[in-house]
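One structure is given here, and the rest of the page talks about it.
Chains as they are written, first to last, in the numbering used here: chain A, 282 to 523; chain B, 18 to 357; chain C, 16 to 552.
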């Protein structure tokens, strides 16, 4: 940002704004608008997920049993904690306490890393078992479990698609298609968020923020909270639906 | 009303009306044309009149200061709204008629399969109008072997349609009717032809290389002629009498090339089960379940043999998913039916 | 009475000579320079897309392949048709007016020094160019033959560079979102003192409504494009019926963006028309509030009508009927605008300079395009017309006859402001004659072709359709000539145009109260606004 701190520690706003607060309000509105687009993008994915879940419920039910809800829960706690440390990072910047702010932001990045490490374990385990999107899927046990689940459902509840056991086996990998695309896109945002947090952490350490001006930290914080929020929806939808 | 509207030469720009509903649509079309012409005249006429009448006369022209007129705003919102509602309801009624399928009992049902790049028709009595192989890119519309769908005059015909590959669309301009044809699903279209003759069919959803080279023809015949056509073209089927249909012959070629090494036709065990008596028989599997060897099972066992292993046989068959097309699998199954 | 009480600076220092050298341009955060860079890029892409159009029409001059004057195979034709669509939609018409005129004028019309986020603005430009590079890059990798609509399953199965193309569209969508975001915050936060939302020019209202659509619709396109990529790379199974997917679901997702997208295209154009008509009638716009709110209404309702592209797709009849009636509703605010513009000319003082000719051309052509849109909104009529040349004619009437006419009119109108010189009015009017005539010669026959049943995206067609196709192709040459003349007019203006004053057209909006070209900071002192933007008294 072209915000320059003068010798007396004050910040100058950009020339097209009237004041620092004018600039701050505008920046916040901009970040919120961007978050709306992110929510809509993930929203589209969620809509697709819900459509297929209602069409092929057994696949999603059995599929979620292959996800480790304990790892998912740990990740949820990790992300919520990281949102807290992120808020601390903003708070300390507001209070002109850059050293504490840097620690808070560093902890946030650590949480992000922990999240990605756990994700790595989940992904590699599934890839090892062949529980991957359609083209590369090789786990017949999953397909059989789906068929078994369907065979235990009352006949009246079966749609024509569900009663076609062969069809159900063929399309069972759809669950993992959704799993990888949804968690993958979210994971990508976690990584991007971690990079953004690192960026503001460095600037905090260089003394480029203060009580008068901490907008980038808050903007990144908002991004991070939305990423967290999306996980809060993803986790129950994918892990707990069974 | 329809007669008055059809005097308007608009219908000169529409194809010949092959059905009664085509006539209704043309009447509606004439209404749309006339009402649009009037609207256009008002707008464009008004615009032209003002441009001329209020041409700038000097550099210091004084203009009126009129900011708005709420009554006018309401009027020119309300009147177009009313006209559009008329257009909507009239169109909705036509659409309902186009899409309310006749009962199975009263309609002649024909199956349509769209493929890249031809239309295939299947009749209940077994007639299959399949594309001749090898329609090359050089073929002209004038020379393409257009598939003929014979239909009876004056009787409802219902088409049950699907695709084997990508989305196509079955369009009959003379009937003012079309319906997209989708893989993995069935869609329907119905019509009652009121004129004898041949009507053009086009594919009208972009489907790749030869999208513009997959026409077909609907040949409308008087009912007795139609029945005669059905009888004359009925395929000779079943093994034993030496007659095999075209599909099974193709299936035999594939068998020779891909399956013969592991499956016999005479009952001997090679690597996999024999095909003698295979079609329709009960199969018992290694995991204790069993199924009748119908089209679905046979198709699955070709694409993904590991899903069901016949009791007493090794899981040695490689999957043919991606190597055999849907048509080739159907041909193989037709051959199995003959071999039984 | 003008809108500004500012002291207008005279002098030669303006945004064009404020800093010199190519790097000062490439690293600029001045919205006016960014607008000029977009102008160069968009015009270049328009030229390329136009060449593909000429190739398409050239290939269609003859019905049967062996007679074609351009001897190509069907796959090449399919590529021509696809590139024409992709370039024109994503690289020209969607960004066009907002990125060029929105960028240049929004801050100036609001009395501001720049947009809210100048560096984001520059970033948007580079993101757009990156997307464009990817799109053009497909020409050298595997080409594209899916049409700009990427319908599944064909887009999953074809061996052309679909993943690269969807990434290109995704990237350009990103640029669109960032620009829209920038404009919304600018409109909310950077208006001059005294300039309430009821005193901003209608062009600003138009850009504002457009930006709202950009923010809400483009993300859905984004995820749809990513899903095509995932489907091709991983076989996810969402659109491929062999894997349990639904190819029609793709259409729902795609059109959920792409219908609002056409309003992203037309709303800014309508904003330009409001400015042109009031300026060249020397009269206050009739129905300012109605036009402003109709833009918002169109933006809102545009999200509810996507299914009118899918009446015969296998969608339920009930859904079709619902989409049909809502589409009729969106016609009402559009009609309101047309009536208001024409009423603006009543008792005005009309002069047909080049920009006004283009505005009149818009009114004529957009009326036809809009009316035929109502025909297509009717389920019963659309069954016959869907996927025929009738639809092709309709959308070219609104997109070319509408958006491009307004764009060109805007270019001639604001050229003096942007570059400090006048264009030659004779050349401008001559370009209009060819564009307007050529347009009708090209596209009116296509209505008839569609009624007669000629499907679209056809390389080979029945010889009975040939005469009308030949007329249409000749028309395309006339349009091409018209735009070449327009380009000559622009270049001639840049090189040797007469020096322009601050307000050569006698307009009343804020941008004309500052020198031509404007200084780097737009206004030496921020103006205070005390009256509406069209006070011609």
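Here a beta-carbon is modelled for each residue, glycine too, at the ideal position from N, C-alpha and C. Note that the coordinates shown come from a computational prediction; the quantities given were computed from them, not determined experimentally.
| query | result |
| --- | --- |
| Spatial distance of residue 392 (chain C) from residue 248 (chain C) (CA atoms) | 37 Å |
| Cutoff 8 Å: residue 259 (chain B) Cβ touching any chain C Cβ | In this prediction, residue 259 (chain B) scores a pLDDT of 41, lower than 50, which makes its location untrustworthy; no coordinate-derived value is stated. |
| Cross-chain neighbours of residue 234 (chain C) in chain A, by beta carbon under 9 Å | 317, 318, 319, 320, 321, 322, 323, 324 and 325 |
| Below-8 Å beta-carbon distance, residue 332 (chain C) vs any chain B residue | yes |
| Chain B within 8 Å of residue 336 (chain C), Cβ atoms only | yes |
| For residue 235 (chain B), the first and last residue of its enclosing beta strand (DSSP E) | 233 to 238 |
| Contact under 8 Å by Cβ, residue 119 (chain B) with residue 246 (chain B) | no |
| Assigned secondary structure, residue 361 (chain C) (DSSP; H/G/I helix, E/B strand, else coil) | coil |
| Between the CA atoms of residue 519 (chain A) and residue 85 (chain C) - distance to the nearest angstrom | 54 Å |
| CB contact below 8 Å: residue 243 (chain C) versus chain A | no |
| Neighbourhood of residue 75 (chain C) by C-beta, 7 Å cutoff - its chain only, sequence neighbours within 5 removed | 484 and 488 |
| Residue 178 (chain C) burial status per 10 Å Cβ neighbour count (16 or more: buried) | buried |
| Own chain residues within Cβ distance below 8 Å of residue 303 (chain A), not counting five before or after | 294 |
| Three-pair Cβ contact test at 8 Å for the stretch 225 to 235 of chain C versus the stretch 192 to 201 of chain C | yes |
| Paired residues, beta bridge with residue 219 (chain B) - DSSP | B:188 |
| Residue 314 (chain A) burial status per 10 Å Cβ neighbour count (16 or more: buried) | buried |
| Any chain A beta carbon closer than 8 Å to residue 312 (chain B) | no |
| Residues of its chain near residue 353 (chain B), where Cβ-Cβ distance is below 6 Å and the 5 sequence neighbours each way are ignored | 292, 295 and 296 |
| 7 Å CB neighbourhood of residue 356 (chain B) in its chain, flanking five on each side removed | 256, 282, 292 and 293 |
| CB contact below 8 Å: residue 196 (chain C) versus chain A | yes |
| Per-residue DSSP class, three states only, for residue 249 (chain C) | helix |
| Residue ranges of each alpha helix (DSSP H) within the stretch 86 to 123 of chain B, 4 or longer | 87 to 116 |
| Where residue 61 (chain B) meets chain C, residues with beta-carbon distance less than 8 Å | 378, 379 and 382 |
| Interface residues of chain B facing residue 299 (chain A) [CB-CB closer than 8 Å] | Correct list: empty, because the minimum Cβ distance to chain B is about 31 Å. |
| Proximity test, Cβ basis, 8 Å: residue 276 (chain A) and chain B | Missing from the structure shown is residue 276 (chain A); chain A here goes from 282 to 523 and no further. |
| Rounded straight-line distance, which links the Cα of residue 133 (chain B) to that of residue 149 (chain B) | Residue placement at residue 149 (chain B) is flagged as unreliable, the pLDDT there being 47, under the threshold of 50; the coordinate-derived value follows with that caveat. Each residue's Cα considered, the two are about 13 Å apart. |
| Residue 357 (chain C) Cβ short of 7 Å to the ligand ATP heavy atom set | Here there are no bound small molecules, and the ligand ATP is not part of this structure. |
| Complete beta strand (DSSP E) runs within the stretch 364 to 397 of chain A (minimum length 3 residues, chain order) | none |
| Exposure label - residue 304 (chain C); buried when at least 16 CB within 10 Å | exposed |
| Span separating the alpha-carbon of residue 381 (chain A) from that of residue 267 (chain C) | 49 Å |
| Alpha-carbon to alpha-carbon, residue 301 (chain C) and residue 85 (chain B) | 5 Å |
| Inter-residue spacing [alpha-carbon to alpha-carbon] between residue 457 (chain C) and residue 380 (chain C) | 13 Å |
| Pairwise C-alpha distance: residue 348 (chain C) and residue 87 (chain B) | 14 Å |
| Continuous alpha helix (DSSP H) assignments of at least 4 residues falling wholly in the stretch 244 to 310 of chain C | 262 to 295 |
| Best match in A:507, A:377 and A:448 for proximity to residue 202 (chain B) [C-alpha to C-alpha] | A:448 |
| Status (buried if at least 16 other CB within 10 Å, exposed otherwise) for residue 210 (chain C) | buried |
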